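Note that numbering that gives the first Met the number 0 gives residue 64 to position 65 of the sequence shown, counting from 1, and the numbers run on in steps of one. Ideal placement from N, C-alpha and C gives every residue a C-beta, glycine not left out. Note that the structure is a prediction, hence the values are computed from the model and not measured. Right, one structure below, let's go through it.
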Amino acid sequence: MPQRHSFTFYINTYIDTDGLSHDLSREHIQQELINIGQQMCLLSSIILIVFNYVTYLVVDDEDAFRHEFFVRIARSFPILKYLCIFNNEPQASGDLTLSSDHIQSFSIIEYPHLTSLDVSNRDKDHLEQFLNETKACVPCRTELEVSHRDLKTVTKNFTTEETRRNCAK
Numbered sequence: 000m001p002q003r004h005s006f007t008f009y010i011n012t013y014i015d016t017d018g019l020s021h022d023l024s025r026e027h028i029q030q031e032l033i034n035i036g037q038q039m040c041l042l043s044s045i046i047l048i049v050f051n052y053v054t055y056l057v058v059d060d061e062d063a064f065r066h067e068f069f070v071r072i073a074r075s076f077p078i079l080k081y082l083c084i085f086n087n088e089p090q091a092s093g094d095l096t097l098s099s100d101h102i103q104s105f106s107i108i109e110y111p112h113l114t115s116l117d118v119s120n121r122d123k124d125h126l127e128q129f130l131n132e133t134k135a136c137v138p139c140r141t142e143l144e145v146s147h148r149d150l151k152t153v154t155k156n157f158t159t160e161e162t163r164r165n166c167a168k
């Protein structure tokens with residue numbers, strides 16, 4: 000296939016938890032699966048492999064995405080150009096606001112090649128994750144798909160300095 004310039008594939012992991020007791024913690028379930036010789040890798044909590052040629056990524060999960068998840072996305076997909084987020088769960092309260100005391104514990108995520116971001120109809124925390132300059136640097140972003148209402152909310156009607164400066168870039 001010497002003429003092949005791109006290869007599109009779809010990877011999906013699904014774990015059916017209907018038969019599991021709701022009293023069990025995620026850690027307990029994970030340990031049980033490891034004990035019987037299976038390995039469980041949840042994309043929302045662990046990304047270990049670097050995908051050097053992936054430029055288009057859609058992430059979807061029922062669990063909330065935290066700041067650390069987006070750090071791992073940036074590290075694991077270094078030339079990512081398009082990112083679409085499907086997740087309606089708000090980030091944990093510690094992820095929402097970065098006071099001067101907490102800025103040191105968070106790293107600013109850099110997406111040097113990301114040109115298109117789709118966070119439409121998602122929780123507004125994810126939009127804030129990418130617009131707030133204390134959380135992310137997205138210098139090449141030229142497309143942003145988002146609801147106007149969420150954009151006004153996150154930017155406080157386009158007056159918040161942290162988001163205004165990042166949007167101006």
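Where residue i sits in the DSSP three-state scheme
i, result
"Val-70", "helix"
"Ser-115", "strand"
"Cys-166", "helix"
"Glu-109", "strand"
"Lys-202", "Residue coverage of the chain in this structure runs from 0 to 168, which leaves residue 202 outside it and unanswerable."
"Leu-150", "helix"
"Leu-130", "helix"
Residue i versus residue j - alpha carbon distance
i, j, result
"Val-57", "Phe-68", "13 Å"
"Asn-156", "Gln-2", "49 Å"
"Glu-191", "Arg-163", "Outside the modelled stretch of the chain, which goes from 0 to 168, sits residue 191, for which no answer is possible."
"Tyr-50", "Pro-111", "The sequence given here has Phe at residue 50, not Tyr. Taking the straight line joining both Cα atoms gives about 15 Å."
"Lys-80", "Ala-63", "23 Å"
"Lys-151", "Cys-166", "12 Å"
"Glu-142", "Gln-128", "16 Å"
"Val-53", "Thr-114", "14 Å"
"Val-118", "Glu-26", "29 Å"
"His-66", "Tyr-55", "20 Å"
"Thr-154", "Asp-124", "11 Å"
"Pro-138", "Asp-122", "23 Å"
Residue i, buried or exposed, once every other Cβ within 10 Å from all chains shown has been counted against 16
i, result
"Phe-84", "Sequence check: residue 84 is Ile here, not Phe. Per the 10 Å Cβ criterion, buried."
"Ile-72", "buried"
"Ala-135", "buried"
"Asp-59", "exposed"
"Asp-149", "buried"
"His-147", "exposed"
"Arg-74", "exposed"
"Ile-78", "exposed"
"Ile-35", "For Ile-35, the predicted model reports a pLDDT of 43, less than 50, meaning its position is unreliable and no value from the coordinates is stated."
"Leu-95", "Residue confidence is low: Leu-95 scores 45 on pLDDT, short of 50, so the model does not pin down where it sits. No coordinate-derived value is stated."
"Ile-48", "exposed"
"Ile-87", "In the sequence as displayed, the identity of residue 87 is Asn instead of Ile. Exposed, since its Cβ has fewer than 16 Cβ neighbours within 10 Å."
Residues bridged to residue i [DSSP beta-bridge criterion]
i, result
"Val-145", "Val-145 is not bridged to any residue."
"Asp-59", "Phe-85"
"Cys-136", "Glu-109"
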